[in-house]
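Residue numbers (our numbering): 386 to 639.
Working notes, structure below.
Structure below.
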């Protein structure tokens, strides 16, 4: 199950934790009561005590979410119907770079179209932009896979008409794998390859196949969005912009 955070429910949980941190219950007792449902709408007056209490935290959170990390020269729309997009390529290329900082032997990266949750607009890329792109509590995960399992993964990618991949290439016809390579090389079923992804996918999320029997597995304590924030900051520090490009890594033959 994915846990999703936005700047609004993050604020809610911050305040809720503060309000309940000193509460303790020694036991639970079942009771029966008659309750009436009350609609929360414009007819209910705002509680200024609560709103004034929340306001400083709201401002702090907004300031953090509006922090500029980098610049996108063009919009990168999220489009799950496309086998490949500028946004998906940016995401898995970032994932590849992040994975190789942890383990230089990482061969390729993979995500799913459903896992990329928002577009990146042209202009400033903020902390909030990254939260919207990857709102889930997912952690960077590196799997060492047998070549035979990599081919099972490639078949899944083909059957779903393409998924985001980095440093790999696939050709698909009629949702069947015609060819799958890593760095232009055919897959050897008898050797191993290191994949960087995130724990939701590594655990079989989005029905991904081929990852359930890794030779080795490492899950980083770093969340994907935290790593992405650092990645974009490093791009900016090196004079680079936030951009992805189409390069034909996922080809659909009609």
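Ideal placement from N, C-alpha and C gives every residue a C-beta, glycine not left out.
Inset, instruction - Can you check DSSP and say which residues form a bridge with residue 580? - result: 493, 528
Inset, instruction - Note down the Cα distance separating residue 553 from residue 569, rounded to an integer number of angstroms. - result: 7 Å
Inset, instruction - Would you mind giving the Cβ-Cβ distance between residue 534 and residue 598, rounded to the nearest angstrom? I have them listed as a contact below 8 Å. - result: 7 Å
Legend entry - Exposed unless 16 or more other CB atoms sit within 10 angstroms - verdict on residue 419: exposed
Inset, instruction - Could you tell me the distance, in whole angstroms, from the CA atom of residue 514 to the CA atom of residue 453? - result: 9 Å
Legend entry - Sequence ranges, beta strand (DSSP E) only - wholly within the segment 587-637, length at least 3: 601-608
Inset, instruction - Taking only the alpha-carbon atoms, compute the straight-line gap between residue 551 and residue 561 and give it to the nearest angstrom. - result: 20 Å
Inset, instruction - State the CB to CB distance for the pair residue 549 and residue 495, rounded to an integer number of angstroms; the pair is presumed to be in contact (CB under 8 Å). - result: 7 Å
Inset, instruction - Put residue 517 into one of helix, strand or coil per three-state DSSP. - result: helix
Legend entry - Selection from 469, 426, 578 that minimises the alpha carbon distance to residue 531: 578
Legend entry - the segment 432-445 contacting the segment 589-596, beta-carbon criterion three pairs below 8 Å: no
Legend entry - 8 Å contact criterion, which residue 637 and residue 546 should meet: CB distance rounded: 7 Å
Legend entry - Contacting residues, own chain, Cβ-Cβ under 7 Å from residue 479 (five flanking each side not counted): 613, 616
Inset, instruction - Could you tell me whether the Cβ atoms of residue 484 and residue 477 are closer together than 7 Å? - result: no
Legend entry - Beta-carbon gap between residue 503 and residue 517 smaller than 7 Å: yes
Inset, instruction - Please name the residue in 487, 421, 450 whose C-alpha comes closest to that of residue 580. - result: 487
Inset, instruction - Pick out whichever of 626, 632, 631, 588 has its Cα sitting closest to the Cα of residue 506. - result: 626
Legend entry - First through last residue of the alpha helix (DSSP H) which encompasses residue 479: 471-487
Inset, instruction - Indicate whether residue 607 and residue 525 have their beta-carbon atoms separated by less than 7 Å. - result: yes
Inset, instruction - Find out if the Cβ-Cβ distance for the pair residue 566, residue 584 is shorter than 7 Å. - result: no
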